[in-house]
Amino acid sequence: DRGKLPSLLDNELIQSGCNSSEKYAIVVHGWLESIDTDWVHVLIDNLQRFRGGCIIFMDYSNHSIAQDYFDLVRKFNPLTQVLLDKLNHLETQGFNPDNLFMYGFSFGAQLVINAGVQYGFNKIAEIDGIHTSGNKGTIKRNCHQDWMMGRCGRVQEAAGPAPRGSHGLCPHFYNSAFSHDFYATENIFGCVSRRIATNIPESFKMGYTETRKNQVYGDLFSPTGECYPYNYFNGNGAIPEGRGLRKLARRRQIHVRARFEQPKCSAANSK
Numbered sequence: 001d002r003g004k005l006p007s008l009l010d011n012e013l014i015q016s017g018c019n020s021s022e023k024y025a026i027v028v029h030g031w032l033e034s035i036d037t038d039w040v041h042v043l044i045d046n047l048q049r050f051r052g053g054c055i056i057f058m059d060y061s062n063h064s065i066a067q068d069y070f071d072l073v074r075k076f077n078p079l080t081q082v083l084l085d086k087l088n089h090l091e092t093q094g095f096n097p098d099n100l101f102m103y104g105f106s107f108g109a110q111l112v113i114n115a116g117v118q119y120g121f122n123k124i125a126e127i128d129g130i131h132t133s134g135n136k137g138t139i140k141r142n143c144h145q146d147w148m149m150g151r152c153g154r155v156q157e158a159a160g161p162a163p164r165g166s167h168g169l170c171p172h173f174y175n176s177a178f179s180h181d182f183y184a185t186e187n188i189f190g191c192v193s194r195r196i197a198t199n200i201p202e203s204f205k206m207g208y209t210e211t212r213k214n215q216v217y218g219d220l221f222s223p224t225g226e227c228y229p230y231n232y233f234n235g236n237g238a239i240p241e242g243r244g245l246r247k248l249a250r251r252r253q254i255h256v257r258a259r260f261e262q263p264k265c266s267a268a269n270s271k
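Here the UniProt record's numbering is used: the first residue of the sequence shown is 1, the next is one more, and so on.
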């Protein structure tokens, strides 16, 4: 029943102090998650620090906490409509889509993309797809930029038990990228791609703080490490490019079945 699905009330926006002239962001969690999920709090803090403005959280946890994922899938269209209605209502209240940022993880990412496209593709400056798992999330590569994290966007060196398997690490990588650089590299794993990005600016990186996204379209690659902050080149200074990167790959025997040689994680670097 769509009428019973959650949505932000108008008076909640007023009481929150949101101003229609400022930037606004919408954050949407994934399956089995809620406002209490750890990465959600970190992302809200990062957005407050790096972006400012109004932050709206779409909480559909009354439906997402069910263990039956396919029961949640049956509610995809009504939940999409809730988000779409809110986007349209915000615009009628004077919020400018040029000031909008949306982030969704897993099922929430699908809601964000679906509602965003229906809202108006011409209103969307760019869509970043960040891929970390081969068996969860989407297999589609149809965002403005699709980041293949780790080994071809399928396996991450830092993967552990759920909820921080390869799939669950995605929002943690995104949060880390506010303060640590995940640079685009050559396709050192030989990942299959039909649209590898070209003419990539120097030191182009994944995440919110990259300001040149309108210059790049296609698939991008960024190795990841075992330990927080997860960016593989965090201790090596400037990222090697071209032949230097290929030499580094050969020297460390980086290939599809190899593991990166990283120090074991300690309590100090295992966020």
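All residues carry an ideal CB built from backbone N, CA and C; glycine is no exception.
To the nearest angstrom, how far is it from the Cα of residue i to the Cα of residue j?
i, j, result
"Lys140", "Val117", "15 Å"
"Pro240", "Ile35", "Unreliable positioning characterises Pro240 in this predicted model, as indicated by a pLDDT of 45, which lies under 50. A coordinate reading is not provided."
"Asp128", "Gln145", "5 Å"
"Tyr174", "Val192", "23 Å"
"Gly134", "Thr80", "25 Å"
"residue 272", "Thr198", "No statement about residue 272 is possible, as the shown extent of the chain runs from 1 to 271 and does not include it."
"Tyr69", "Phe76", "11 Å"
"Leu32", "Ala66", "7 Å"
"Gly168", "Asp71", "21 Å"
"Asn114", "Ser203", "31 Å"
"Arg51", "Cys152", "30 Å"
"His63", "Phe189", "39 Å"
"Cys18", "Asn187", "43 Å"
"Asp38", "His172", "9 Å"
"Asn214", "Asn88", "25 Å"
"Leu43", "Ile26", "11 Å"
"Ala98", "Pro78", "Here the sequence assigns Asp to residue 98, which means Ala is not the residue at that position. Going by the C-alpha atoms only, they are around 25 Å apart."
"Thr209", "Arg49", "12 Å"
"Lys205", "Trp147", "10 Å"
"Lys136", "Gly165", "10 Å"
"Asn122", "Lys86", "18 Å"
"Tyr60", "Tyr217", "32 Å"
"Ile196", "Asn96", "33 Å"
"Val112", "Gly160", "27 Å"
With a Cβ-Cβ cutoff of 8 Å, do residue i and residue j count as a contact?
i, j, result
"Arg212", "Pro201", "yes"
"Thr138", "Gln110", "yes"
"Ile124", "Met149", "no"
"Gly207", "Ala162", "no"
"Glu91", "Gly53", "no"
"Gly94", "Ser20", "yes"
"His29", "Phe101", "no"
"Leu84", "Met58", "no"
Please classify residue i: is it buried, with 16 or more other beta-carbons within 10 angstroms of its beta-carbon, or exposed?
i, result
"Asn142", "exposed"
"residue 286", "A query on residue 286 cannot be resolved here, the shown segment of the chain reaching from 1 to 271 and no further."
"Val73", "exposed"
"His41", "exposed"
"Asn46", "buried"
"Gly108", "buried"
"Cys170", "buried"
If residue i and residue j are in contact, beta carbons under 8 Å, what's the gap, nearest whole angstrom?
i, j, result
"Tyr103", "Ile56", "Rounded, the Cβ-Cβ distance is 11 Å, inconsistent with contact."
Taking 8 Å as the CB-CB cut-off, is residue i touching chain B?
i, result
"Leu100", "No chain B appears in this structure, which consists of one protein chain only."
Taking 7 Å as the line, does the beta carbon of residue i fall inside it for any heavy atom of the ligand FMN?
i, result
"Ser203", "The ligand FMN is absent from the structure shown, which contains no ligands of any kind."
**Report entry** Inter-stretch contact (C-beta, 8 Å, three-pair minimum) for the region 223-231 and the region 149-156
**Finding:** yes
**Report entry** Contact the region 206-223 vs the region 176-191: 3+ CB pairs below 8 Å
**Finding:** yes
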